[in-house]
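Residue numbers (our numbering): 486 to 708.
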């Protein structure tokens, strides 16, 4: 590998590391909704140069964590009533269909191991009690279900919204995580036995059950 190519690879790796650190900081609320990401200050806080920081911001914007404007630069996204409804509507279209397709694929011989592993992991982190890790593990399980469909377009769609899914899971962590885990157990069982219709029904009920409670939890910050 040439030195120029090695430098570019290292720069990309650093940009991704910065992206992950900023992503977690936004989800945890260190950079609150509506907060302007001041480039110089954040570069100082993270002890990095401004070049990889500038490369990380478009990644955050693609995932819906920030909005950039010519005058204000990057500003942390503010959750609104419409944005929450849009996310729930998309999840119902994407994840309900994915649950059925995953069950079909597994019924025809595909492995359910990665889904089961994600379920076990989510159980372990629920006991730890860290809302960020619980949200992260729950999102991973939903990603694994979409992955099990074998549909690359569905997987790409899920990747584009999974960050916002995790963020909303974190913000609504006051909801009963044990109820959510029970839903996950039933959903994974239906998928693992290849029961398409039941998997779809459980996925829909699981997603829709949290819609209105999410608004109750987030009512004060909503615009």
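Here a beta-carbon is modelled for each residue, glycine too, at the ideal position from N, C-alpha and C. It should be emphasised that the depicted structure is a prediction, and the values quoted were computed from it without experimental measurement.
Same chain only: Cβ atoms within 6 angstroms of residue i, ignoring 5 sequence neighbours per side
i, result
"residue 650", "624"
"residue 546", "553"
"residue 456", "Missing from the structure shown is residue 456; the chain here goes from 486 to 708 and no further."
"residue 544", "504"
Whether residue i touches residue j by CB criterion (9 angstroms)
i, j, result
"residue 784", "residue 697", "Residue coverage of the chain in this structure runs from 486 to 708, which leaves residue 784 outside it and unanswerable."
"residue 632", "residue 599", "yes"
"residue 618", "residue 628", "no"
"residue 699", "residue 573", "yes"
"residue 503", "residue 525", "no"
"residue 670", "residue 611", "no"
"residue 630", "residue 676", "yes"
"residue 522", "residue 506", "no"
"residue 579", "residue 646", "yes"
"residue 634", "residue 583", "yes"
"residue 512", "residue 652", "yes"
"residue 681", "residue 586", "yes"
Which of helix, strand or coil DSSP assigns to residue i
i, result
"residue 637", "helix"
"residue 551", "strand"
"residue 703", "helix"
"residue 505", "helix"
"residue 559", "strand"
"residue 693", "helix"
Heavy atom of the ligand ZN within 8 angstroms of residue i beta-carbon
i, result
"residue 502", "The ligand ZN is not part of the structure shown, which contains no ligands of any sort."
Sequence-distant residues of the same chain with beta carbon closer than 8 angstroms to residue i, five excluded per side
i, result
"residue 554", "560"
"residue 692", "573, 576, 577, 580 and 581"
CB-CB length for residue i against residue j, believed under 8 angstroms
i, j, result
"residue 656", "residue 672", "Contact doesn't hold; Cβ gap of about 22 angstroms is too wide."
"residue 603", "residue 638", "The Cβ separation is near 21 angstroms, so there is no contact."
"residue 577", "residue 689", "6 angstroms"
"residue 666", "residue 608", "6 angstroms"
"residue 695", "residue 660", "6 angstroms"
Per-residue burial, residue i [other beta carbons within 10 Å of its own, 16 or more giving buried]
i, result
"residue 508", "buried"
"residue 621", "buried"
"residue 500", "buried"
"residue 541", "buried"
"residue 594", "exposed"
Chain-order list of residues whose beta-carbon lies under 7 angstroms from that of residue i (same chain, five-residue window excluded)
i, result
"residue 519", "560, 561 and 563"
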